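Heads up: the sequence shown runs through residues 1 to 364, numbered per full-length UniProt numbering.
Note that beta-carbon positions come from the ideal geometry of N, C-alpha and C, so glycine has one too.
Since the model is a prediction, treat every value here as computed from it, not as a measurement.
What follows is a set of notes on a single structure, which appears directly below.
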Amino acid sequence: MMLRTENLDVGYGMKIILSGVEIWIKRGELTAVLGPNASGKSTLLKTLARLLKPIRGTVLLDSLDLKRYNRKTLARKLGVVLTEPINPRMMRVSDIVALGRYAYTDIFGRLTEYDREVVEDALSIVGADYLADRLFSELSDGEKQKVMIARALAQEPSTLILDEPTTHLDAKNRVEILLLLKKIAKERNIAVVASLHDVELALRIADRLVIVWRNSVRFYENPEEFVDGNTVEQLYGIGDRVRFNTLTYSLEVVNKSSRVNACVFVIAGAGTGARAYRTLSRMGCSIKTGILHRNDIDYLIADRLDIEIVAEEPYTPISHKAYQRAIEAITKSDIIIYTFPPIGPENQLNLNLLEQAKQMGKRI
Numbered sequence: 001m002m003l004r005t006e007n008l009d010v011g012y013g014m015k016i017i018l019s020g021v022e023i024w025i026k027r028g029e030l031t032a033v034l035g036p037n038a039s040g041k042s043t044l045l046k047t048l049a050r051l052l053k054p055i056r057g058t059v060l061l062d063s064l065d066l067k068r069y070n071r072k073t074l075a076r077k078l079g080v081v082l083t084e085p086i087n088p089r090m091m092r093v094s095d096i097v098a099l100g101r102y103a104y105t106d107i108f109g110r111l112t113e114y115d116r117e118v119v120e121d122a123l124s125i126v127g128a129d130y131l132a133d134r135l136f137s138e139l140s141d142g143e144k145q146k147v148m149i150a151r152a153l154a155q156e157p158s159t160l161i162l163d164e165p166t167t168h169l170d171a172k173n174r175v176e177i178l179l180l181l182k183k184i185a186k187e188r189n190i191a192v193v194a195s196l197h198d199v200e201l202a203l204r205i206a207d208r209l210v211i212v213w214r215n216s217v218r219f220y221e222n223p224e225e226f227v228d229g230n231t232v233e234q235l236y237g238i239g240d241r242v243r244f245n246t247l248t249y250s251l252e253v254v255n256k257s258s259r260v261n262a263c264v265f266v267i268a269g270a271g272t273g274a275r276a277y278r279t280l281s282r283m284g285c286s287i288k289t290g291i292l293h294r295n296d297i298d299y300l301i302a303d304r305l306d307i308e309i310v311a312e313e314p315y316t317p318i319s320h321k322a323y324q325r326a327i328e329a330i331t332k333s334d335i336i337i338y339t340f341p342p343i344g345p346e347n348q349l350n351l352n353l354l355e356q357a358k359q360m361g362k363r364i
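This is how it looks when you write it as structure tokens:
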């Protein structure tokens with residue numbers, strides 16, 4: 001059972017924003033929709049939720065064309081959380097969540113005992129049961145988002161669509177919401193699809209990716225397929241000032257300032273240099289580092305930060321040539337930073353670099 005599209009064109013009126021969309025959202029998985037602002041993410045999700053009509057093609061929910069469902073049946077299968085805020089001044093949280101049961105109630109909207117149990121369960125899933133008697137208007141943004149997710153869960157859907165659920169939330173709440181969506185997908189066997197701006201979190205948490213870019217959509221079976229080369233940098237048009245680290249799944253800011261505060265050589269390795277690289281780059285220093293093997297995590301981080309590296313081939317002892325290059329770089333440096341990397345037979349000469357720097361009278 002899944003939500004999928006066939007040769008779908010989406011847009012407004014007859015203006016096509018995205019064409020030829022072919023994606024499938026499976027139960028038990030979290031699918032993240034990524035792309036720059038105004039790329040069509042919200043338009044795509046609203047079409048999947050039947051809030052917009054497709055210009056061409058088909059949206060299928062459990063193998064049936066979405067347009068063939070009546071409103072009540074669709075509400076029992078598809079839950080939607082949009083970015084548009086609601087502001088019910090005098091409604092309690094439990095009443096907001098109970099709105100998700102409208103597809104199950106009689107013409108008078110009366111709740112059965114089972115309906116009340118579903119509401120309580122939905123609040124419990126999102127960790128908001130303690131808010132049941134609070135006024136919705138009194139809640140924080142993070143709490144409100146959890147309540148809106150609970151309202152959608154009260155519909156007992158097989159598919160949950162969320163448009164930018166982490167917008168306006170602080171770091172803690174962004175992580176909590178994404179982990180919650182992952183939990184809902186796995187534990188409740190629901191197909192969850194959410195548009196996100198948190199590319200670093202999405203790559204770490206999502207099961208699958210939908211990339212919206214340049215009027216088209218690409219579907220990736222896993223984030224690792226997407227993290228390749230300069231794909232993230234191209235997607236967001238961040239240029240050479242920001243680099244995406246494909247190993248750490250993080251964005252690295254490259255300092256291109258013409259002002260150089262100091263020339264620094266960092267003796268690092270095995271991830272011990274990352275903090276120094278970022279700090280020095282932010283301070284506007286001219287940085288060199290070594291001697292790093294090309295498969296070392298510090299090499300990958302330094303490369304993304306556009307730092308000059310004295311490098312050696314993987315799994316080989318440091319060569320005399322690389323050692324001499326490092327000595328030359330140290331000679332021209334004002335400050336030497338030693339990050340206490342683990343030392344073994346292959347990088348033993350890095351200790352010699354430190355001793356040579358001391359003999360030169362360098363500031364360490």
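Drop a sphere of 10 angstroms on the beta-carbon of residue 350, count the other beta-carbons inside from all chains shown, and report buried for 16 or more, exposed for fewer.
Counting from 1 along the sequence shown, the entry for residue 350 is found at position 350. Residue 350 should be labelled buried.
For residue 235, which of 59, 295 and 197 has the nearest alpha-carbon?
Indexing the sequence shown from 1 puts residue 235 at position 235. Nearest in C-alpha terms to residue 235, of all of 59, 295 and 197, is 197.
Between which residues of its own chain and residue 49 is the CB-CB distance below 6 Å, once the five residues before and five after are set aside?
Position 49 of the sequence shown, counted from the first residue, corresponds to residue 49. The answer, listed in chain order, is 80 and 161.
Between which two residues does the beta strand (DSSP E) containing residue 26 stretch?
Taking the first residue of the sequence shown as position 1, residue 26 is located at position 26. Judged by DSSP secondary structure, residue 26 falls within the beta strand (DSSP E) whose first and last residues are 24–26.
Based on Cα-Cα distance, which residue from 85, 172 and 212 lies nearest to residue 44?
For the purposes of this step, residue 44 is taken as the residue at position 44 of the sequence shown. Checking every option, the nearest Cα to that of residue 44 belongs to 212.
Straight-line Cα distance separating residue 301 from residue 325:
Along the sequence shown, read from residue 1 onward, the residue named residue 325 stands at position 325. Along the sequence shown, read from residue 1 onward, the residue named residue 301 stands at position 301. The alpha-carbon atoms of residue 325 and residue 301 are separated by roughly 20 Å.
State buried or exposed for residue 106, treating a residue as buried only when at least 16 other CB atoms are found within 10 Å of its CB.
Reading the sequence shown from its first residue, position 106 is the one you call residue 106. Classification for residue 106: exposed.
Assuming residue 311 is part of the beta strand (DSSP E), what are its boundary residues?
The residue labelled residue 311 in the question sits at position 311 within the sequence shown. Its beta strand (DSSP E) spans residues 308–312.
Cutting at 8 Å between CB atoms, please list the residues of its own chain near residue 313, excluding the five before and the five after it.
Translated into positions along the sequence shown, residue 313 becomes position 313. Closer than 8 Å at the Cβ level, and outside the excluded window around residue 313, lie 293 and 294.
In three-state terms, what does DSSP make of residue 138?
Along the sequence shown, one-based indexing puts residue 138 at 138. Residue 138 falls in the helix class under three-state DSSP.
What separation, rounded to the nearest whole angstrom, lies between the Cα atoms of residue 15 and residue 228?
Within the sequence shown, the letter at position 15 stands for residue 15. Within the sequence shown, the letter at position 228 stands for residue 228. Pairing residue 15 with residue 228, the inter-Cα distance amounts to about 32 Å.
Between the beta-carbon of residue 362 and the beta-carbon of residue 330, is there less than 8 Å?
Position 362 of the sequence shown, counted from the start, is the residue given in the question as residue 362. Position 330 of the sequence shown, counted from the start, is the residue given in the question as residue 330. The Cβ atoms of residue 362 and residue 330 sit closer than 8 Å to each other.
Grouping DSSP H, G and I as helix and E and B as strand, with all else coil, what is residue 5?
Here residue 5 is taken as the residue at index 5 of the sequence shown, counted from 1. The answer is strand: DSSP assigns residue 5 an E or B state.
Stretch-stretch touch, CB-based, cutoff 8 Å, three pairs: the stretch 213–226 with the stretch 173–185
No contact exists between the stretch 213–226 and the stretch 173–185.
For residue 191, the residue or residues it bridges with in DSSP
Translated into the one-based positions of the sequence shown, residue 191 becomes position 191. Residue 191 pairs with 159.
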